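Q:
Numbering (our numbering), first residue to last: 10 to 278.
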């Protein structure tokens, strides 16, 4: 089954050409996550690895908000009744969603409007590129419910995006980062009007989908793997990765298009 045929029960989904657009449901509650939506999103992102028709993904906002994070009634309340084994099963599942987003070969664009909090902020952080509206408010608010700021990979990923000191402040205080702060700090790639948010994100995703998708996969893979490499290891890994890319037909197409003074038409092979 391809992503085009996928019928999710717990989030919104459509495929627009080579771009899949998803968003969390229940806009009247600012799109909270539930046990079921966590698991279904994790499984959907894992399945992307075997779907060559989808070449880029947009995680959109819905009803003026991105996501309010874990549902207070559907998740936080029931967690109070779980033993340690059950709690660890839940926290590993939420982390698996971030790992699935990072591991899928397609570039992922998050389009953030309004509330982007808790696990919702982590989903946005897990994306490769983030756009936002001026109304975006991003909060890693785990400490506000008595939890550590170390959730779903936050302490590893956020400092790499915005810097150690800024990440520490947000993770300790749980305060909301404004859209302006997010753009200045490098969390958001750009700010656009709310009416243009999803259109802009889809246009970006479509431009990536029309590019050399094998090379995009290699880029994303190396961005992930080089976190734990020394500079010498990274340079050698990139030498090997680039040599592999040089064997693709897209590399040949780019050269032939350059010679013909034309725009290359990439096919991802």
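From the three backbone atoms N, C-alpha and C, an ideal C-beta is built for every residue, glycine too. Please read these numbers as outputs of a predicted model, since none were measured by experiment.
Is residue 133 near residue 139, with beta carbons less than 7 Å apart?
A: Closer than 7 Å, so yes.
Q: CB residue 218 to CB residue 65, shorter than 7 Å?
A: yes
Q: Tell me residue 41's beta-bridge partners as DSSP assigns them.
A: Residue pairing of residue 41 in beta bridges, as defined by DSSP: 78.
Q: Could you check how far apart the C-beta atoms of residue 161 and residue 131 are, in whole angstroms? I think they sit under 8 Å.
A: 4 Å
Q: Whole angstroms is fine: what's the gap from residue 173's alpha carbon to residue 42's?
A: Those two C-alpha atoms are separated by around 28 Å.
Q: Hey, out of 61, 32, 89, whose CA is closest to residue 75's CA?
A: Distances from the CA of residue 75 to each of 61, 32, 89 were compared; the closest alpha carbon is that of 32.
Q: Note the first and the last residue of the continuous beta strand (DSSP E) segment covering residue 132.
A: Careful: residue 132 lies outside any beta strand (DSSP E), inside the alpha helix (DSSP H) at 128-135.
Q: Excluding the five sequence neighbours on either side, which residues of its own chain have a C-beta within less than 7 Å of the C-beta of residue 47, listed in chain order?
A: 102, 103, 106
Q: Helix, strand or coil: how does DSSP classify residue 22 here?
A: Judged by DSSP in its simplified three-state form, residue 22 adopts strand.
Q: So what's residue 271 in DSSP terms, helix, strand or just coil?
A: coil
Q: According to DSSP, residue 255 sits in a beta bridge with which residue or residues?
A: DSSP lists no partner for residue 255.
Q: Using a Cβ-Cβ cut-off of 8 Å (strictly less than) and excluding sequence neighbours within five positions of residue 71, which residues of its own chain qualify?
A: 21, 32, 33, 34, 36, 40
Q: Mapping DSSP to helix, strand and coil, what is residue 142?
A: coil
Q: Nearest to residue 44 by alpha carbon, out of 67, 18, 23?
A: Nearest Cα to residue 44 within the set 67, 18, 23: 18.
Q: Spell out the partners DSSP gives residue 4 in its beta bridges.
A: Missing from the structure shown is residue 4; the chain here goes from 10 to 278 and no further.
Q: Strictly by DSSP, which residues pair up with residue 125?
A: 76, 147
Q: To the nearest angstrom, how far is it from the Cα of residue 128 to the Cα of residue 80?
A: 10 Å
Q: If residue 200 and residue 210 are in contact, beta carbons under 8 Å, what's the gap, nearest whole angstrom?
A: With a Cβ gap of about 12 Å, residue 200 and residue 210 do not count as contacting.
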